[in-house]
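So the structure is just underneath, and the comments pick up after that.
2 protein chains.
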Amino acid sequence: MSKSQNAISPTRAENYPEWYQQVIQAADMAENSPVRGCMVIKPWGYALWENMQRELDQMFKATGHVNAYFPLLIPLSFLEKEAEHVQGFAKECAVVTHHRLEAKPEGGLQPAGLLEEPLIIRPTSETIIGMQYSKWVQSYRDLPLLINQWANVVRWEMRTRMFLRTSEFLWQEGHTAHADDAEAQEETFRMLDIYETFARDYMAMPVIKGEKTPDERFPGAQNTYTIEAMMQDKKALQAGTSHFLAQHFSKSFNISFTNKNGDIEYAWTTSWGVSTRLIGGLIMTHSDDDGLVLPPKLAPTQIILLPIYRSEDDKAQVLNYCNELASALRSQQLCGQSLRVSIDTRDINTGEKGWQAVKKGIPLRVEIGPRDIQNNQLVVMRRDNSPRQKTLLPRDEFINGAVDLLVDIQQQLLTKASAFQQANFHTLQTQAEFHDFFSQKDDEGPAPGFGICYSVHNEAIQQLAKSLKVTARCMPLDRQQISGRCIFTGEPTTQQIIYAKSY
Amino acid sequence: MSKSQNAISPTRAENYPEWYQQVIQAADMAENSPVRGCMVIKPWGYALWENMQRELDQMFKATGHVNAYFPLLIPLSFLEKEAEHVQGFAKECAVVTHHRLEAKPEGGLQPAGLLEEPLIIRPTSETIIGMQYSKWVQSYRDLPLLINQWANVVRWEMRTRMFLRTSEFLWQEGHTAHADDAEAQEETFRMLDIYETFARDYMAMPVIKGEKTPDERFPGAQNTYTIEAMMQDKKALQAGTSHFLAQHFSKSFNISFTNKNGDIEYAWTTSWGVSTRLIGGLIMTHSDDDGLVLPPKLAPTQIILLPIYRSEDDKAQVLNYCNELASALRSQQLCGQSLRVSIDTRDINTGEKGWQAVKKGIPLRVEIGPRDIQNNQLVVMRRDNSPRQKTLLPRDEFINGAVDLLVDIQQQLLTKASAFQQANFHTLQTQAEFHDFFSQKDDEGPAPGFGICYSVHNEAIQQLAKSLKVTARCMPLDRQQISGRCIFTGEPTTQQIIYAKSY
Numbered sequence: 002m003s004k005s006q007n008a009i010s011p012t013r014a015e016n017y018p019e020w021y022q023q024v025i026q027a028a029d030m031a032e033n034s035p036v037r038g039c040m041v042i043k044p045w046g047y048a049l050w051e052n053m054q055r056e057l058d059q060m061f062k063a064t065g066h067v068n069a070y071f072p073l074l075i076p077l078s079f080l081e082k083e084a085e086h087v088q089g090f091a092k093e094c095a096v097v098t099h100h101r102l103e104a105k106p107e108g109g110l111q112p113a114g115l116l117e118e119p120l121i122i123r124p125t126s127e128t129i130i131g132m133q134y135s136k137w138v139q140s141y142r143d144l145p146l147l148i149n150q151w152a153n154v155v156r157w158e159m160r161t162r163m164f165l166r167t168s169e170f171l172w173q174e175g176h177t178a179h180a181d182d183a184e185a186q187e188e189t190f191r192m193l194d195i196y197e198t199f200a201r202d203y204m205a206m207p208v209i210k211g212e213k214t215p216d217e218r219f220p221g222a223q224n225t226y227t228i229e230a231m232m233q234d235k236k237a238l239q240a241g242t243s244h245f246l247a248q249h250f251s252k253s254f255n256i257s258f259t260n261k262n263g264d265i266e267y268a269w270t271t272s273w274g275v276s277t278r279l280i281g282g283l284i285m286t287h288s289d290d291d292g293l294v295l296p297p298k299l300a301p302t303q304i305i306l307l308p309i310y311r312s313e314d315d316k317a318q319v320l321n322y323c324n325e326l327a328s329a330l331r332s333q334q335l336c337g338q339s340l341r342v343s344i345d346t347r348d349i350n351t352g353e354k355g356w357q358a359v360k361k362g363i364p365l366r367v368e369i370g371p372r373d374i375q376n377n378q379l380v381v382m383r384r385d386n387s388p389r390q391k392t393l394l395p396r397d398e399f400i401n402g403a404v405d406l407l408v409d410i411q412q413q414l415l416t417k418a419s420a421f422q423q424a425n426f427h428t429l430q431t432q433a434e435f436h437d438f439f440s441q442k443d444d445e446g447p448a449p450g451f452g453i454c455y456s457v458h459n460e461a462i463q464q465l466a467k468s469l470k471v472t473a474r475c476m477p478l479d480r481q482q483i484s485g486r487c488i489f490t491g492e493p494t495t496q497q498i499i500y501a502k503s504y
Numbered sequence: 002m003s004k005s006q007n008a009i010s011p012t013r014a015e016n017y018p019e020w021y022q023q024v025i026q027a028a029d030m031a032e033n034s035p036v037r038g039c040m041v042i043k044p045w046g047y048a049l050w051e052n053m054q055r056e057l058d059q060m061f062k063a064t065g066h067v068n069a070y071f072p073l074l075i076p077l078s079f080l081e082k083e084a085e086h087v088q089g090f091a092k093e094c095a096v097v098t099h100h101r102l103e104a105k106p107e108g109g110l111q112p113a114g115l116l117e118e119p120l121i122i123r124p125t126s127e128t129i130i131g132m133q134y135s136k137w138v139q140s141y142r143d144l145p146l147l148i149n150q151w152a153n154v155v156r157w158e159m160r161t162r163m164f165l166r167t168s169e170f171l172w173q174e175g176h177t178a179h180a181d182d183a184e185a186q187e188e189t190f191r192m193l194d195i196y197e198t199f200a201r202d203y204m205a206m207p208v209i210k211g212e213k214t215p216d217e218r219f220p221g222a223q224n225t226y227t228i229e230a231m232m233q234d235k236k237a238l239q240a241g242t243s244h245f246l247a248q249h250f251s252k253s254f255n256i257s258f259t260n261k262n263g264d265i266e267y268a269w270t271t272s273w274g275v276s277t278r279l280i281g282g283l284i285m286t287h288s289d290d291d292g293l294v295l296p297p298k299l300a301p302t303q304i305i306l307l308p309i310y311r312s313e314d315d316k317a318q319v320l321n322y323c324n325e326l327a328s329a330l331r332s333q334q335l336c337g338q339s340l341r342v343s344i345d346t347r348d349i350n351t352g353e354k355g356w357q358a359v360k361k362g363i364p365l366r367v368e369i370g371p372r373d374i375q376n377n378q379l380v381v382m383r384r385d386n387s388p389r390q391k392t393l394l395p396r397d398e399f400i401n402g403a404v405d406l407l408v409d410i411q412q413q414l415l416t417k418a419s420a421f422q423q424a425n426f427h428t429l430q431t432q433a434e435f436h437d438f439f440s441q442k443d444d445e446g447p448a449p450g451f452g453i454c455y456s457v458h459n460e461a462i463q464q465l466a467k468s469l470k471v472t473a474r475c476m477p478l479d480r481q482q483i484s485g486r487c488i489f490t491g492e493p494t495t496q497q498i499i500y501a502k503s504y
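Those sequence lines, one after another, are chains A and B. Counting in our numbering, the first sequence runs without a single skipped number right up to 504 at its last residue. Counting in our numbering, the second sequence runs without a single skipped number right up to 504 at its last residue.
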C-alpha cells in the first residue's frame with residue numbers, strides 16, 4: 002500500500018480530540034460499548050494494561066505492599082460516615098436497589114426483591130476498607146498495614162472519553178494505615194515517587210509532582226499529591242494521585258490501636274491510585290499522525306517480523322528464517338523479560354502489514370524477504386522514525402543490538418516528551434501576563450501550555466482562572482522553598498501554582 | 002507453644018463445615034464482610050489466587066487466547082435476548098436502577114437519577130460479549146476469536162460460604178467464536194483439559210471430567226462439561242465448567258459471518274470458567290486438623306525460615322545466616338519461578354511462629370539456631386508430615402535438594418488425594434444398592450462418596466436422587482463407550498452417571 006498522506010485522519014493539528022479517537026480505533030485498543038459511558042478494552046489495549054500492571058505490581062511489592070480484594074458493593078450507610086467523602090461521590094454513584102428480576106404482566110422483566118439498604122458500586126474503597134481495617138488494627142504491632150487492590154470502579158460520568166473518563170474503569174488503589182503522622186506522610190510521598198518513576202522510566206512520560214490546591218483534593222483527604230503530565234495539545238492530565246488522609250477516615254471508621262504505652266490512638270492512613278487513564282496519557286504523549294507510538298518497555302509486541310514472499314517455496318524458507326530469528330531475539334531480555342516478538346504470517350500484502358504495525362505503535366518492524374536472507378541482512382524500521390525510513394542491518398548485528406535499539410527508542414521518546422514539556426512550561430510574572438497567556442481561544446489551536454506563577458489560593462483567583470478555562474493543576478514540590486509575591490494579590494508567598502487547561 | 006491437640010477446632014470428624022471456616026480463619030485467608038454475601042479476600046488468600054491466575058493465564062495464552070475487558074454493567078434488554086439464559090439468572094441479579102444519591106428531607110441520602118433501563122451487574126458475560134462479537138465478526142477471516150476476561154461477577158446468593166458460594170466472586174471467563182461446529186467442540190474440550198491439567202498438576206487435586214446432565218447445564222448451553230472433585234467429606238465440588246454453546250448465543254446476538262463461499266453463517270461459540278471457588282476446593286482437598294495444606298507449586302511462601310535466638314549477638318548471627326540461606330534458595334527455580342522463601346523475623350517465640358506457618362499451610366519450615374549454624378545443619382519440617390516430625394539436614398544438602406523436596410510434597414498430596422477419591426468411588430449395580438449407598442443421613446458422618454451407575458436421565462430418577470439428597474454430577478467422558486442397562490429402568494444405555502452429595 003503506497004501512501005502519500007498520514008495514516009490517521011484527522012491529524013493532531015486538524016482536530017486533536019478526533020485524532021485521539023482515531024488513533025485508538027486504528028490501533029484496535031478499545032471501543033465504546035452499548036453500555037452508557039463504559040468502554041470495551043480490546044486485546045491490544047488490554048495487553049498494554051497487563052504490562053503496566055506487572056511493572057507497577059512489582060514496584061508495590063518491592064516496597065512491602067501486598068494485594069487483597071474487598072467487596073464491589075458498599076452499603077450506603079458506610080459511604081455516609083465520612084461527610085466530605087460522600088459529598089464528593091454522591092452525584093456519580095451507581096446504586097443497586099434490587100436483587101432479582103421478575104416477569105412484568107405485560108411481558109419482559111422488571112427489578113424485584115427490594116434491598117433494605119441500597120448498595121453503591123464502589124467509586125473508590127476507602128469506606129469499605131476502613132470498615133475492615135477497624136477490625137484488623139488493634140495494636141501497634143498490626144501496623145503498618147500496606148495493602149493494594151487491583152479492581153474495577155464505577156463513577157457515573159455524563160461526558161466520557163475512552164481511557165480518560167469512563168463510567169467504569171480499571172485501577173489499583175493502595176490503602177495503608179500507620180502508627181504515626183510522619184510515617185503516613187512518608188508513605189504518601191513514597192507512592193507518589195513510584196508513580197513518577199513508573200511514568201518516566203516505563204511510559205517515557207515526564208510528569209510534575211505537586212500538591213493539589215484545596216478545591217482539587219480527594220474528598221476526605223488532608224492533602225492530595227498528583228503527578229501531572231502534559232499532553233501534545235499542551236493540556237494537563239492528572240495521571241495519578243496519592244492522598245494523605247491524616248486521621249479523617251480512621252476517626253470515621255474507628256481504626257484505632259493500642260500504642261506502645263498502652264494508650265488508644267487513631268491510625269494515620271493514606272490511599273493512592275492510578276488507572277487505565279494512564280493509557281490515555283501514554284497515547285497522547287507519544288502518538289503521531291500515523292497512529293499509536295508505544296514505549297518499548299510496555300509494548301505488547303516489541304518487534305514484529307514481516308515476511309515477504311511470492312512463491313510457496315519462498316514462503317517456507319522465509320517463515321522458517323523468521324521463526325529462527327524470533328527465537329534468537331526472544332533469548333534476549335529487556336526489564337527482566339524475554340523480548341516480545343511476533344511474526345505476521347497473515348496472507349495479506351506486506352505493505353498493509355507494515356501500516357498496521359505502524360498504527361499499533363510497535364517499536365521495531367523488520368522486513369524479511371528471500372533476497373535479504375541471501376544477503377544475511379534485514380530491513381529494520383523504527384516506529385519513532387518516519388514510516389518509510391528503512392535501515393539495512395546484518396542479521397547478527399540486529400540480533401545483538403536489538404535490546405540497545407529498544408532502549409534507545411525508549412530514551413528518545415522520553416527526551417522528546419521532556420523537551421516538549423519544557424518548551425511549553427512558562428513562568429508568568431504578572432496578572433496581565435497570566436491573562437494574555439491563557440486567553441487564547443480553544444479553536445485557535447492547541448492550549449497555551451503550563452503557566453506557573455507565585456499565587457495564593459482564593460475564590461477570586463479561582464474565578465479568574467475559571468473565566469479563562471484553566472484550573473490550578475498543582476503546587477510543584479520542587480518549588481516550595483523560594484519566596485516571592487502572589488501575582489494576583491501581591492501577598493508574599495512561597496507557593497507557586499501551575500495553571501493549565503486540562504482533561 | 003507446646004500443643005498436645007490439633008491446631009484447628011473442631012476437627013474434620015467433629016464438624017466438617019465449621020472446620021472449613023476455622024481453617025480459613027486460622028490461615029488468615031479471607032473473612033466475611035459486612036456486605037451481604039460478599040467476602041474479603043485477605044493477602045494470604047489473594048496471593049494464592051494470584052499464583053493460580055498466573056499459571057492459568059500462561060496456559061490460556063499458550064493455547065492462543067488473549068485477554069480483554071468488557072463492561073461490568075449489562076442492560077436488562079441484552080439479558081432478555083437469550084430466553085434460557087435470562088431464566089437461569091433472573092433470580093440472582095443485582096440490579097442498578099439509579100445513578101446518583103440525593104439528600105432526603107429527614108436527613109441522610111436516597112437513590113436518585115432513575116435510569117431509563119435498569120442495568121444488571123454481570124452474573125456472567127455471554128450477553129454483553131455476544132453483543133460486541135456481533136460487531137467484530139464479519140468474515141471467516143475474523144475467526145476464531147479467542148478471548149478471556151479476568152473479572153468479578155455478582156450472583157445474589159441467599160446461603161453463602163466463603164470461596165464456595167459468595168454473591169461476588171472473582172473468576173476468568175473465556176468466550177470464543179468459531180467458523181464451525183467441530184472447531185468449537187474441540188475448543189470446549191481443550192479448555193476442559195486445561196482445567197483438568199491445572200487442577201491435577203498445580204492444585205494436586207484429581208478431578209473427573211464429564212458432561213453435565215441436561216438439568217445441570219449452563220443456561221443457554223447445548224452441552225456443559227465439568228471437572229468434578231471429591232472433597233474430604235466425600236462431597237462433590239464442581240470445580241470448573243466448559244460450555245459448548247452451539248449457535249444459541251450467535252443466533253440471539255447475530256454473530257454471523259461470510260464464509261469462504263460467500264454465504265452468511267452463524268458462528269459457533271463456547272465459554273468456560275473457573276473462579277475463586279477453586280480455592281475452596283484446594284482447602285478441602287488437602288487441609289488437615291492442623292489447618293491449611295498448600296501444594297508447593299501454588300503456595301505464596303514455599304519455604305519459611307524460623308530463626309531461633311536468645312541474645313542480641315545470636316540474633317545478628319542467625320538473621321545473617323537466614324538471609325544468606327534465603328538467597329541461596331531463591332536462586333533455585335520451581336515451575337520457572339524463583340523459590341518463594343520468607344524469614345519470620347517477628348519478635349514472638351519460635352514455637353508460635355512454627356504453628357502459624359503450619360496453619361498457613363507453608364510446605365517447608367526450617368528452624369535455624371546458633372547450634373545449627375555451628376553444625377552447619379538445619380531442622381526441616383514438611384507440612385505433609387506430622388507438625389512435630391523434624392529432620393536434620395546438612396545445609397548444602399537442603400539447598401540442593403529443596404526443589405526436589407517441594408516436588409515430592411506436591412506429588413504426595415496428589416497421590417493421597419487420588420487414593421482418597423478412588424477409595425470412595427463406587428460402582429452401583431442395582432437400584433437397591435443405589436438406595437442403600439446414598440441413604441446414610443447427613444448427621445451420621447461424612448457423605449457416602451461418589452456412586453456411578455448406568456443410568457438414563459428422567460424425571461423419576463431425578464426425584465429419587467433428590468429424595469436421597471444427591472444430584473447427578475456428570476457423565477464421565479472416559480466411560481461413554483461401554484454399554485449396559487440403566488439400573489433404574491432396565492433400558493439399554495451407554496450412559497453412566499456419577500451421583501453424589503455436593504456443594
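All residues carry an ideal CB built from backbone N, CA and C; glycine is no exception. Just so you know, these numbers come straight off a predicted model, no measurement behind them.
Measure the C-alpha to C-alpha separation of residue i and residue j and round it to an integer number of angstroms.
i	j	result
B:ASN377	B:ARG383	20 Å
B:ARG486	B:LYS417	33 Å
A:ALA247	A:ILE256	12 Å
B:ARG331	B:GLY211	40 Å
A:SER3	B:TRP137	Note that A:SER3 scores 43 on pLDDT, short of 50, meaning its location in the model is unreliable and no value can be drawn from it.
A:ALA501	A:MET159	23 Å
A:GLN463	A:ALA104	53 Å
A:SER253	A:GLU83	6 Å
B:ASN404	B:GLU313	Residue identity differs from the one stated: residue 404 of chain B is Val in this sequence, not Asn. In a straight line, the C-alpha of B:VAL404 is about 33 Å away from that of B:GLU313.
A:LEU326	A:ILE400	8 Å
A:LEU429	A:TYR196	28 Å
B:ASN224	B:GLN186	10 Å
B:PHE421	B:ALA200	16 Å
A:HIS427	A:HIS436	13 Å
Starting from residue i, find everything on chain A with Cβ-Cβ shorter than 7 Å and list it in chain order.
i	result
B:GLY109	GLU81
B:ILE42	ALA69, TYR70
How far does the beta strand (DSSP E) with residue i in it reach, from first residue to last?
i	result
B:GLU188	That residue, B:GLU188, is in no beta strand (DSSP E); its alpha helix (DSSP H) goes 182-202.
B:THR392	392-395
A:PRO308	304-308
Listing by chain order, which chain B residues have their CB less than 7 Å from the CB of residue i?
i	result
A:SER343	Those do not exist, as A:SER343 stays about 12 Å from chain B at its closest Cβ, beyond 7 Å.
Below 8 Å on the Cβ atoms is my contact criterion, and I expect residue i with residue j to pass it. Report the Cβ-Cβ distance as a whole number of Å.
i	j	result
A:LEU77	A:ILE122	Contact doesn't hold; Cβ gap of about 12 Å is too wide.
B:TYR141	B:THR259	7 Å
B:PRO506	A:THR98	Given that chain B is displayed from residue 2 to residue 504, the structure contains no residue 506 of chain B and the question cannot be resolved.
Mind checking which residues open and close the alpha helix (DSSP H) that includes residue i?
i	result
B:LEU40	Here residue 40 of chain B is Met; the residue named in the question, Leu, does not match the sequence. Careful: B:MET40 lies outside any alpha helix (DSSP H), inside the beta strand (DSSP E) at 40-42.
A:SER328	313-331
B:VAL87	84-90
Counting beta carbon pairs with one atom in the segment 202-211 of chain A and one in the segment 277-291 of chain A, are three or more of them shorter than 8 Å?
Yes, the segment 277-291 of chain A touches the segment 202-211 of chain A.
Measuring CB atoms only, is the segment 303-312 of chain B touching the segment 343-362 of chain B, in the sense that at least three cross pairs come out at less than 8 Å?
By the Cβ rule, the segment 303-312 of chain B counts as touching the segment 343-362 of chain B, because three or more pairs are nearer than 8 Å.
At least 3 beta-carbon pairs within less than 8 Å: the segment 123-137 of chain A vs the segment 145-156 of chain A
They touch, by the three-pair rule.
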